[in-house]
Amino acid sequence: MSSPTNITPIDELAGAVPDGAKVAVPADYAGVSMAATRALIRRRVRSLHLVGVPTSGLQAELLIGAGCVTTLESSALTLGEYGPAPRFTKAVRDGSIRLIDATCPAIHAGLQASQKGTPFIPLRGILGSDILKNHPDWKVIQNPFAEDDDPIVAIPAIRPDIALFHAPLADRDGNVWLGRKRELVNMTHASKTAFVTVDAISETSLFETEEMAAGVLPALYVGKIAVAPNGSWPLPFWNGAQGDDSHMRRYMEMAASDSGFEDYLEQFVFGESAMA
Amino acid sequence: MTVADEKKALICLIAGLLRDCNHVAVGAASPIPGAAALLAKAAWGSPKHVNILGSVANNFFTGGGGELFDCAAQGRIDAFFLGGGQIDGKANINLMGLGDYPKSSPRWPGTFGSAYLYFLIPKVILFREEHSRRTLVEKVDFISAPGTSADHIYRKGGPFGLITSKAFFRFDKDKERFRLVSVHPTSSLEDILDNTGFHFDYSEDTPETPSPDPELLAILDRDVRQKVAEVYPNFADAIFPMTSGVEHVK
Numbered sequence: 000m001s002s003p004t005n006i007t008p009i010d011e012l013a014g015a016v017p018d019g020a021k022v023a024v025p026a027d028y029a030g031v032s033m034a035a036t037r038a039l040i041r042r043r044v045r046s047l048h049l050v051g052v053p054t055s056g057l058q059a060e061l062l063i064g065a066g067c068v069t070t071l072e073s074s075a076l077t078l079g080e081y082g083p084a085p086r087f088t089k090a091v092r093d094g095s096i097r098l099i100d101a102t103c104p105a106i107h108a109g110l111q112a113s114q115k116g117t118p119f120i121p122l123r124g125i126l127g128s129d130i131l132k133n134h135p136d137w138k139v140i141q142n143p144f145a146e147d148d149d150p151i152v153a154i155p156a157i158r159p160d161i162a163l164f165h166a167p168l169a170d171r172d173g174n175v176w177l178g179r180k181r182e183l184v185n186m187t188h189a190s191k192t193a194f195v196t197v198d199a200i201s202e203t204s205l206f207e208t209e210e211m212a213a214g215v216l217p218a219l220y221v222g223k224i225a226v227a228p229n230g231s232w233p234l235p236f237w238n239g240a241q242g243d244d245s246h247m248r249r250y251m252e253m254a255a256s257d258s259g260f261e262d263y264l265e266q267f268v269f270g271e272s273a274m275a
Numbered sequence: 000m001t002v003a004d005e006k007k008a009l010i011c012l013i014a015g016l017l018r019d020c021n022h023v024a025v026g027a028a029s030p031i032p033g034a035a036a037l038l039a040k041a042a043w044g045s046p047k048h049v050n051i052l053g054s055v056a057n058n059f060f061t062g063g064g065g066e067l068f069d070c071a072a073q074g075r076i077d078a079f080f081l082g083g084g085q086i087d088g089k090a091n092i093n094l095m096g097l098g099d100y101p102k103s104s105p106r107w108p109g110t111f112g113s114a115y116l117y118f119l120i121p122k123v124i125l126f127r128e129e130h131s132r133r134t135l136v137e138k139v140d141f142i143s144a145p146g147t148s149a150d151h152i153y154r155k156g157g158p159f160g161l162i163t164s165k166a167f168f169r170f171d172k173d174k175e176r177f178r179l180v181s182v183h184p185t186s187s188l189e190d191i192l193d194n195t196g197f198h199f200d201y202s203e204d205t206p207e208t209p210s211p212d213p214e215l216l217a218i219l220d221r222d223v224r225q226k227v228a229e230v231y232p233n234f235a236d237a238i239f240p241m242t243s244g245v246e247h248v249k
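As they're listed, the protein sequences go chains E and R.
Numbering of the first sequence is given in numbering that gives the first Met the number 0, commencing with residue 0 and proceeding in unit increments.
Numbering of the second sequence is given in numbering that gives the first Met the number 0, commencing with residue 0 and proceeding in unit increments.
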């Protein structure tokens, strides 16, 4: 089904993300491919529609700052304890990106609808929130099973072109191990394909033991794999690295000004292949 | 009272509110509520289940990021914490930003799961340390999640109360108003009236928030310290000084 040729260098993986693609990305704690993010900026991708599942952080911040994003669909963009994301804050103030603000379970529900091939999933809550008032796609419908007035919010399917994330391991058949990060499975099932960076390649099949198999995303769903050890740097990775605190502090200082952000890109994004 | 003592008092106050819960979930960026939930579990074995989101060691979900929301929708979470850049007198919360959306200035991270969880978790404790007219306002600029809903709206949960660095309020659902329950020892009724941007019910002889039970404080310092440090290292450094008697705030 899938062959070792699925394993490509990271710049080729980034090159296969077309301008204008709708790309689903995980929250900062679930395995973000920062290596692929930098490769996307290097390839000067344009007009992305990013879907934060259910939120995003440094990844969306860098892509927005580098002018790669037209639409951000997410429940939040947060850098956690480092404070307000400087490039995102500026883009919102300038109105230079389109915002589709959601709430976490609605992002999950939209992806689940896509997984099931259904047009929408109804969801409780949300009524009376200003995100409902401003969301372009959500509709309030009457619960068809209730006799009394029972409004409920219909969340249409979200079908990304590509799910992009970082995982610990892939095998030569193109299967990916992602442990209990089931949101990555949902995200991938909902998307047309997945591009995955991994810390390492396993020379034996990930289906060899049931313990490993329980956490496998089958190759059926996976379009491209690139090896990028510690590929979520400077973000933490659930299966290994701590976040790089001093780098994050440095980012916050540099990204406070337009020229500082340009310097950051020069040094840590465009200069990266030279460093490697 | 040092800053560390004040934070410990808040932890003990919140822990007491969680004693009747079975499952408490806490956001990754909420060290005081997180420490309170861990303390309640250590002191009373109740709540039995504490889930710290974003943590690897203290998060027992195996069903992915959506499991929290499914749990909430089925009534399997008893208490949760929400905050916000603005909280108003009707318990509406704003996590989006100030000014005219979408061109908010400043823009805050966004609504997260609040628009959902506020409807479905019975005991939502609003927690916001900064008690000022900037944070506690008459009317929020953007309703991320409404404090109340009309009778025909499906709603199993909502605001229980509001805890700040100065006071503890309960929310009266029928009156759609906060009522001042107690004033922390570092504040006064006058201070609270000066610094609260919304109207609320109170009596002139509102009591002082009781100081934390020494035994509970001892459990926090002795048994919960390590656990808090695993999840919130910077916060633990700040409230559990390396050298006793020396205030050490990061």
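C-beta atoms are modelled at their ideal positions from N, C-alpha and C, and glycine is treated no differently.
Note that the structure is predicted; figures quoted are calculated from it, not measured.
Chain E residues whose Cβ lies nearer than 8 angstroms to that of Ile142(R): Within the second sequence, numbered from 1, the residue matching residue 142(R) stands at position 143. Neighbours of Ile142(R) on chain E, chain order: Gly127, Ser128, Asp129.
Which residues in chain R have a C-beta closer than 8 angstroms to the C-beta of Ala29(E)? List them in chain order. Numbered from 1 along the first sequence, position 30 holds the residue referred to as residue 29(E). What Ala29(E) touches in chain R: Gly64.
Let me know if Ala254(E) comes out buried or exposed under the rule of 16 or more other beta-carbons within 10 Å of its beta-carbon. Against the first sequence, residue 254(E) aligns to sequence position 255. It counts as buried.
Counting only beta-carbon atoms, is Lys180(E) nearer than 9 angstroms to chain R? For the purposes of this step, residue 180(E) is taken as the residue at position 181 of the first sequence. Closer than 9 angstroms: yes.
Considering just the uninterrupted stretch of the beta strand (DSSP E) at Thr192(E), what are its terminal residues? What you label residue 192(E) is simply residue 193 of the first sequence in a count that begins at 1. First-last of the beta strand (DSSP E) with Thr192(E): 192–201.
Per-residue DSSP class, three states only, for Ala225(E): Residue 225(E) sits at position 226 when you count from the first residue of the first sequence. It is a strand residue.
Name the residues in the region 45–60 of chain E whose C-beta lies less than 8 angstroms from a C-beta of chain R; which are they? Val52, Pro53, Thr54
Going by C-alpha distance, which of Phe111(R), Ser29(R), Ser103(R), Ile162(R) is nearest Ile106(E)? Position 107 of the first sequence holds residue 106(E). Comparing Cα-Cα distances from Ile106(E) to each of Phe111(R), Ser29(R), Ser103(R), Ile162(R), the minimum goes to Phe111(R).
Span of the alpha helix (DSSP H) holding His107(E)? Within the first sequence, numbered from 1, the residue matching residue 107(E) stands at position 108. Counting along the chain, the alpha helix (DSSP H) containing His107(E) begins and ends at 103–115.
On the DSSP letters alone, give me the boundaries of the alpha helix (DSSP H) that Lys6(R) sits inside. Locating residue 6(R) in the second sequence gives position 7, counting from the first residue. It spans 2–16 - the alpha helix (DSSP H) in which Lys6(R) sits, taken as one unbroken run.
Does Ala71(R) pass the burial test, meaning 16 or more other C-beta atoms within 10 Å, or should it be called exposed? Locating residue 71(R) in the second sequence gives position 72, where the first residue counts as 1. Ala71(R) should be labelled buried.
With respect to 8 angstroms, is the separation between the Cβ of Val52(E) and the closest non-hydrogen atom of the ligand MN below this value? This structure does not include the ligand MN; it has no bound ligands of any sort.
If you run the structure through DSSP and keep just helix, strand and coil, what is Val245(R)? Looking up residue 245(R) in the second sequence gives position 246. For Val245(R), the predicted model reports a pLDDT of 39, less than 50, meaning its position is unreliable and no value from the coordinates is stated.
Cβ contact check for the region 219–231 of chain E and the region 31–49 of chain E: 3 or more pairs under 8 angstroms: yes
Using a Cβ cut-off of 9 angstroms, pull out every chain E residue sitting near Thr125(R), in sequence order please. By 1-based counting over the second sequence, the position of residue 125(R) is 126. Rather than Thr, the amino acid found at residue 125(R) in this sequence is Leu. Per Cβ cutoff of 9 angstroms: no residues; Leu125(R) is ~16 angstroms from chain E at best.
Nearest to Ile76(R) by CA position, among Pro206(R), Ile51(R), Phe167(R), is which residue? Along the second sequence, read from residue 1 onward, the residue named residue 76(R) stands at position 77. If we check each option's Cα against that of Ile76(R), Ile51(R) comes out closest.
Can you round the beta-carbon distance between Pro53(E) and Gly64(R) to whole angstroms, since I take them to be within the 8 angstroms contact cut? For this step, residue 53(E) is matched to residue 54 along the first sequence. For this step, residue 64(R) is matched to residue 65 along the second sequence. Yes, they are in contact, since the Cβ atoms of Pro53(E) and Gly64(R) sit about 6 angstroms apart, within 8 angstroms.
In the DSSP assignment, the beta strand (DSSP E) including Ile218(R) goes from what residue to what residue? Taking the first residue of the second sequence as 1, we reach residue 218(R) at position 219. Note, Ile218(R): premise wrong, no beta strand (DSSP E); alpha helix (DSSP H) at 213–218.
Taking the straight line between their C-alpha atoms, what separation do you get for Cys11(R) and Leu188(R)? Mapped onto the second sequence, residue 11(R) falls at position 12. Mapped onto the second sequence, residue 188(R) falls at position 189. Answer to the nearest angstrom: the Cα atoms are 22 angstroms apart.
Residue burial classification, Ile200(E) (beta-carbon count within 10 angstroms, cutoff 16): One-based indexing of the first sequence puts residue 200(E) at position 201. Per the 10 Å Cβ criterion, exposed.
Candidates Gly51(E), Gly270(E), Lys180(E): closest to Val24(E) by CA position: Residue 24(E) sits at position 25 when you count from the first residue of the first sequence. Nearest option by C-alpha distance: Gly51(E).
Give a yes or no on whether the C-beta atoms belonging to Asp87(R) and Leu9(R) are separated by under 9 angstroms. The residue labelled residue 87(R) in the question sits at position 88 within the second sequence. The residue labelled residue 9(R) in the question sits at position 10 within the second sequence. Taking 9 angstroms as the Cβ cut-off, Asp87(R) and Leu9(R) do not qualify as a contacting pair.
Please name the residue, chosen from Tyr153(R), Arg133(R), Phe141(R), that lies closest to Tyr115(R) on a Cα-to-Cα basis. Counting from 1 along the second sequence, the entry for residue 115(R) is found at position 116. Nearest option by C-alpha distance: Tyr153(R).
Excluding sequence positions up to five away, which residues of its chain have a Cβ less than 7 angstroms from the Cβ of Glu60(E)? The residue you call residue 60(E) lines up with position 61 of the first sequence. Hits under 7 angstroms: Leu76, Leu78, Ala84, Arg86, Phe87.
Cβ-based neighbour list, Arg42(E), same chain, cut-off 6 angstroms, excluding 5 preceding and 5 following: By one-based count along the first sequence, residue 42(E) stands at place 43. Excluding positions up to five away in sequence, the list reads Ala13, Gly14.
Quick one: what's Glu72(E) bridged to in DSSP? As a first step, residue 72(E) must be located in the first sequence, where it is residue number 73. Looking at the DSSP assignment, Glu72(E) forms a beta bridge with Val50(E), Ile99(E).
Neighbour flag for Phe260(E) against chain R, beta carbons, 9 angstroms: Along the first sequence, read from residue 1 onward, the residue named residue 260(E) stands at position 261. No, its Cβ sits nowhere closer than 9 angstroms to a Cβ of chain R.
For Lys102(R), decide whether its Cβ has a neighbour in chain E, counting only Cβ atoms nearer than 9 angstroms. Taking the second sequence and counting its residues from 1, the one referred to as residue 102(R) is at position 103. Chain E contact via Cβ: present.
Using 9 angstroms as the limit for Cβ to Cβ distance, is Gly82(R) near chain E? For the purposes of this step, residue 82(R) is identified with residue 83 of the second sequence, where counting begins at 1. Answer no: the Cβ-Cβ gap between Gly82(R) and chain E never drops below 9 angstroms.
Look at the alpha carbon of Asp148(E) and the alpha carbon of Gln141(E), and state the distance between them as a whole number of angstroms. Position 149 of the first sequence, counted from the start, is the residue given in the question as residue 148(E). Position 142 of the first sequence, counted from the start, is the residue given in the question as residue 141(E). Cα to Cα, the separation comes out at about 7 angstroms.
Between the Cα of Tyr201(R) and those of Arg127(R), Val223(R), Phe170(R), spot the shortest distance and give me the residue it belongs to. Within the second sequence, the letter at position 202 stands for residue 201(R). Residue Phe170(R) is the option with its Cα nearest to Tyr201(R).
Just verifying my parser: in three-state terms, what is the DSSP assignment at His151(R)? As a working mapping, residue 151(R) is identified with position 152 in the second sequence. Three-state result, His151(R): coil.
Expected contact under 8 angstroms - CB spacing of Ala90(E) and Ile120(E) to nearest Å: In the first sequence, residue 90(E) corresponds to position 91, counting from 1. In the first sequence, residue 120(E) corresponds to position 121, counting from 1. With a Cβ gap of about 30 angstroms, Ala90(E) and Ile120(E) do not count as contacting.
Output yes if chain R places a C-beta closer than 9 angstroms to the C-beta of Arg248(E); else output no. One-based indexing of the first sequence puts residue 248(E) at position 249. Judged by the 9 angstroms Cβ criterion, Arg248(E) is not in contact with chain R.
Rounded to a whole number of angstroms, what is the C-alpha to C-alpha distance between Glu271(E) and Glu72(E)? For the purposes of this step, residue 271(E) is taken as residue 272 along the first sequence, with counting starting at 1. For the purposes of this step, residue 72(E) is taken as residue 73 along the first sequence, with counting starting at 1. The straight-line gap from Cα to Cα measures roughly 28 angstroms.
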